[in-house]
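In structure tokens, the structure reads:
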């Protein structure tokens, strides 16, 4: 790769590799990071002020040190992460749930650790792990689990490891080597006095010693020889705190106040990166090269990752001299950059400063090369650029862009603020010829066809079409399109001999026959899923069509066999490119190198090197939580079995890649819950809520842009049924149902039996009631018959009584007549006989006895009841009561008693007195009531 070095004003600015910044707020831990390491899964670990910090490419995890002190050192050895802190060291090992668990080693030798001892470095050599404090060196044998302690006479500054030895330097600047658990003095050269050793590296003929203030020295056969580098002058004024030899033999050097230097193995400065050039902080406490050759910097305030192997390089204008880049072009070995502050240039292959071209102060819109000339479209008009000078050839209006007239190389059309105008080459000089009349709208995007039709896109008015005359002076047949509609940041350009229009609803291709724009589905796919940011269409020198979207840079190439378009994607989002929306620009510098302008500089890349290594996909965590409960991590190395209420499951997964311009996308499928894979997304977690009991298989796969899914992870788990839904519970339910059914059946049998018995009893009762009713009816009939009989008897009695009365009356009359007869003597004997006979028949007692017998038959016990109620009554009184019961009047009673009516009244009065009736009670009424 060609390394470009650029300068703005006085300050030189390099094209630098991408830098990924992580602030303390991002990783939620302390500012300072003292040491860095990496495991086989590519997870990165940091010795942080707050504890052990782990980063898997997607998520940060902080593990507090066992005594909650600053972790000063970290080293991954095998499957263990060793750490050292205040009076404590040990190792962390990953459990089945993906979390790290700490085990102390220092507790075994706690009595031998000095007060306030901190462990600043960890090294490994074969089977031994070396923990270095400022007082001692503890050598731990991983096989025998025993310690050996090296205690120098003087305090230790730092320890180092080479391929074959362990070294340490003491505070009197002597260098020792550890052999067989003992110290051997290696070097006490005066050169090293008051010069702390930062690191020691293996070289072919000895050691390369890196010092804090005096750079590098080669130590060969007992002698020190200075190894000079281009950075010596800068390093001498900076305090070196950390350094690392990277895999290709180059050096990464971290300073206290001057950022980081990347030197070649020959000592050349490849990069010098400071806070002004993109670092988060100028104090580099630790340096580490990871498996992918990224350089990690543990800073005094944050963490940075430098993607040294990235094909992308960026230039950051930290002074603001250049401003926002709107156009660029490589012309005659010089790189021209057009910005909002003017036009700048520099030699393309040399490390020169950017120079300002006089007369171009202000906004540059475009740079256009034609017929060996460089044209500059400017807010002030149009300029021709020759080396370091500019010549204005048009000043009536600002110029957006320029286009060649088909088949007329001596004519150029330029889109201006007030329409379109013509430039003409006369006597080998380009001059303004005329403005095209008939069209006066701003023409930022326009194209001309072979038939001299002009198409103009105006983002606030839409698309226009008009016809030019043969002399290119007048436009006619102006037509305004209603479809497609106007659109913010819309664009129009000619690609592959066709005119395209792009806005938020898609990309449309002009149909040359119908003169209408038709949707192009292939190109429009760029703006799917809310990806639209700008419709700017750019065609490079290799006939590639470039488009910018929210998360990607897209380019299309033409298949030479069938003219179909092939889509290619570069995973660089607009948030990183930092381009002006609607004014994106990309320039092809040579066959593979491209330059993209941004709001604070630009970046370059080699298109044929945009192939990134696809790291392994890792399932990093499985968390379960009950309703309103805390997240609990579960094992990820074995199939899961969760209870029915542990049905809210969160899966975390990652591809541990740390390239700034690589966006990993993930796709997942939960068999048993989903039928299809999810959409591709950069989100590295997914949560499933309220999963039903059953068996599930979670699958996740990853890919980079333009790559096919290569990695996948499968995790199988089961959510158990609640106890009341298990097979055993179902059997119990079945048995209970059987018992319940039995008792229900029995209860129903008893119920129906009781109901039947009840019905029988009710029927019997109804029959009894019916019988009673019948008996009552019969009794009623009998009573009625008896009543009739009584009435009949009463009538008979009354009749009998009347007959008796009449008989007695008749006999009485006869008797009276006989008494009145004059012939007493003749008839005495006859009279006597008749009188005797009549007296016998008129006997009141006989009549009464007959009456009493009939009355008792008609009204039983009446006389008895009266006698019981009134014992003082005489038989004559009872006879009167009987006659009164028959409701006979005094006149009717008198003959029966053979007394006068007056005597009857007297008898009634006396009877009333005997009965002691109240005055208000009638005698007859009382007798009738008995």
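In our numbering, the protein residues as written are 661 to 1590. Backbone N, C-alpha and C define an ideal beta-carbon position, used for all residues, glycine too.
Residue range of the beta strand (DSSP E) that residue i falls in?
i	result
residue 1034	1033 to 1038
residue 1073	1068 to 1076
residue 1333	No beta strand (DSSP E) contains residue 1333, which DSSP labels as neither H nor E.
residue 912	911 to 915
residue 1026	1024 to 1030
residue 1617	Nothing can be reported for residue 1617, as the shown portion of the chain is limited to 661 through 1590.
residue 693	693 to 698
residue 1080	1079 to 1086
residue 1178	1177 to 1179
residue 811	No beta strand (DSSP E) holds residue 811; DSSP gives it neither H nor E.
residue 784	779 to 785
Under 8 Å Cβ to Cβ from residue i, same chain only, skipping five residues before and after it: list those, please.
i	result
residue 816	792, 793, 794, 795, 796, 797, 828, 829, 830 and 831
residue 836	812, 827, 828, 829, 830, 843, 844, 845 and 846
residue 1550	1561, 1564, 1565 and 1568
Kindly indicate the opening and closing residues of the alpha helix (DSSP H) around residue i.
i	result
residue 1265	Here residue 1265 belongs to no alpha helix (DSSP H); instead the beta strand (DSSP E) covers 1261 to 1266.
residue 1573	1561 to 1575
residue 1522	1522 to 1529
residue 739	Here residue 739 belongs to no alpha helix (DSSP H), and DSSP marks it neither H nor E.
residue 1286	Per DSSP, residue 1286 belongs to no alpha helix (DSSP H) and is neither H nor E.
Please state if the CB of residue j and the CB of residue i are separated by a distance shorter than 8 Å.
i	j	result
residue 905	residue 948	no
residue 1030	residue 1073	no
residue 1234	residue 1259	no
residue 885	residue 870	no
residue 1034	residue 985	no
residue 750	residue 760	no
residue 1312	residue 1281	yes
residue 923	residue 944	no
residue 1345	residue 1376	no
residue 1159	residue 1184	no
residue 855	residue 874	yes
residue 1371	residue 1362	yes
residue 1008	residue 995	yes
residue 1296	residue 1348	no
residue 688	residue 711	no
If distances are taken between C-alpha atoms only, which option among the options comes closest to residue i?
i	options	result
residue 1133	1061, 1081 and 1149	1081
residue 930	1417, 1251, 1363 and 675	675
residue 1013	1035, 981 and 1038	981
residue 1113	1128, 1065 and 1104	1128
residue 887	821, 928 and 1151	928
residue 1261	997, 1474 and 1352	997
residue 602	1542, 971, 836 and 822	Nothing can be reported for residue 602, as the shown portion of the chain is limited to 661 through 1590.
residue 1252	1423, 1239, 1111 and 1266	1266
residue 1522	863, 1042 and 1545	1545
residue 902	1191, 921, 890 and 983	921
residue 843	849, 851 and 819	819
residue 1238	1225, 846, 1300 and 1257	1257
residue 753	851, 720, 714 and 1070	714
residue 1227	1186, 701, 1255 and 1249	1186
residue 1188	1476, 762 and 1208	1208
residue 913	762, 1091 and 932	932
residue 770	746, 758 and 1369	746
residue 1130	1162, 1066, 1140 and 1104	1066
residue 677	1364, 1054 and 1320	1320
Could you pull out every residue in the same chain whose Cβ sits closer than 7 Å to the Cβ of residue i, ignoring the five residues on either side in sequence?
i	result
residue 1171	1178
Given residue i, which residues of its chain have a CB within under 6 Å of its CB, disregarding the five upstream and five downstream residues?
i	result
residue 1486	Any reading at residue 1486 must be qualified, since the residue scores a pLDDT of 48, below 50, and its modelled position is unreliable; no value is offered.
residue 668	Here residue 668 scores only 36 on pLDDT, less than 50, and its place in the model should not be relied on; the value that follows carries that caveat. 977, 979, 981, 982 and 1014.
residue 1164	1147 and 1192
residue 663	Note that residue 663 scores 33 on pLDDT, short of 50, meaning its location in the model is unreliable; the coordinates nonetheless yield the value given after this. Around residue 663: no qualifying Cβ.
Taking only beta-carbon positions, decide if residue i is within less than 8 Å of chain B.
i	result
residue 848	Of the chains in the structure shown, none is chain B; there is only one protein chain.
Inset, instruction - Examine the Cβ distances between the segment 685 to 699 and the segment 734 to 741 and report whether three or more of them are shorter than 8 Å. - result: yes
Legend entry - Given 8 Å, three or more beta-carbon pairs between the segment 950 to 966 and the segment 1286 to 1303: no
Inset, instruction - Take every Cβ of the segment 1242 to 1255, pair it with every Cβ of the segment 1195 to 1204, and state whether three or more of those distances are shorter than 8 Å. - result: yes
Legend entry - At least three beta-carbon pairs within less than 8 Å, the segment 1106 to 1124 to the segment 1210 to 1221: With fewer than three CB-CB distances shorter than 8 Å, the segment 1106 to 1124 does not count as touching the segment 1210 to 1221.
Inset, instruction - Could you tell me whether the segment 1302 to 1309 touches the segment 1350 to 1362, where touching means 3 or more Cβ pairs closer than 8 Å? - result: yes
Legend entry - Given 8 Å, three or more beta-carbon pairs between the segment 1378 to 1392 and the segment 1415 to 1423: no
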